[in-house]
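Worksheet: one structure, shown below.
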Amino acid sequence: MLQESNVVKFIKDSSVMRPGYYIGIDAHKKPVILGIHGTHTVSDLITDIVSSSHEEVTFEGYSICFGTAESARWFLNHEMGTIKKCLDKHKGFRLRLVGHSLEGATASLLAIMLRKKSSKELGFSPDIVTSIGYATPPCVS
104 MLQESNVVKF IKDSSVMRPG YYIGIDAHKK PVILGIHGTH TVSDLITDIV SSSHEEVTFE
164 GYSICFGTAE SARWFLNHEM GTIKKCLDKH KGFRLRLVGH SLEGATASLL AIMLRKKSSK
224 ELGFSPDIVT SIGYATPPCV S
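Shown next as structure tokens:
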């Protein structure tokens with residue numbers, strides 16, 4: 104079970120394309136956890152419904168929600184350093200991405216993005232990445 108003392112980072116407030124989240128360590132089950140909260144604020148709602156334009160947004164050839172994809176890319180570009188430091192410090196741990204509602208979709212898309220990268224790009228094996236979503240809507244078609 105994750106203990107408060109093992110929360111490495113906690114960002115309560117959301118902004119558009121960046122939901123609230125935490126990064127923590129579960130010393131018992133051995134995952135580094137990126138937990139992303141579901142729709143909670145007006146910023147989250149905007150992220151949920153935003154569209155980049157009238158054009159279809161795709162990832163790996165599949166249609167996706169622009170806001171969800173941009174949120175996943177935000178984590179990829181801004182929090183992988185923190186996550187890698189945690190994995191370096193806790194050898195043998197896995198990376199578990201967890202999200203609720205549309206942020207379950209964000210966690211899923213981020214897992215796909217990470218699993219497509221090489222160990223050299225990430226600094227850890229993509230095979231250790233898993234994702235769990237609660238009440239996750241369909242996120243790719």
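Numbering of the sequence shown is given in my numbering, commencing with residue 104 and proceeding in unit increments.
We put the CB at the ideal spot given by N, CA and C, even for glycine.
Quick caveat: nothing in here was measured; it's all calculated off a predicted structure.
Of the residues 134, 122, 186 and 191, the one whose Cα lies closest to the Cα of residue 141 is 122. When 197, 146, 223 and 244 are compared, the shortest CA-CA separation from residue 133 is found for 197.
Around the beta-carbon of residue 244, fewer than 16 other beta-carbon atoms lie within 10 Å, marking it exposed. In the three-state reduction of the DSSP assignment, residue 196 falls in the coil class, being assigned neither a helical nor a strand state.
For the pair residue 120 and residue 242, the Cα-to-Cα distance works out to about 15 Å. With 16 or more other CB atoms across the displayed protein chains lying within 10 angstroms of its CB, residue 178 is buried. Counting the other CB atoms within 10 Å of its CB gives residue 150 a total of 16 or more, which places it among the buried residues. Straight through space, the alpha carbons of residue 143 and residue 117 are spaced by roughly 8 Å. For the 8 Å CB-CB criterion, residue 136 and residue 185 do not form a contact.
Nearest in C-alpha terms to residue 182, of all of 106, 107 and 112, is 112. Burial is judged here by how many other beta carbons sit within 10 angstroms of a residue's own beta carbon; residue 164 has fewer than 16 and is exposed. Taking each of 166, 226 and 236 in turn and checking the Cα distance to residue 191, the smallest one comes out for 226.
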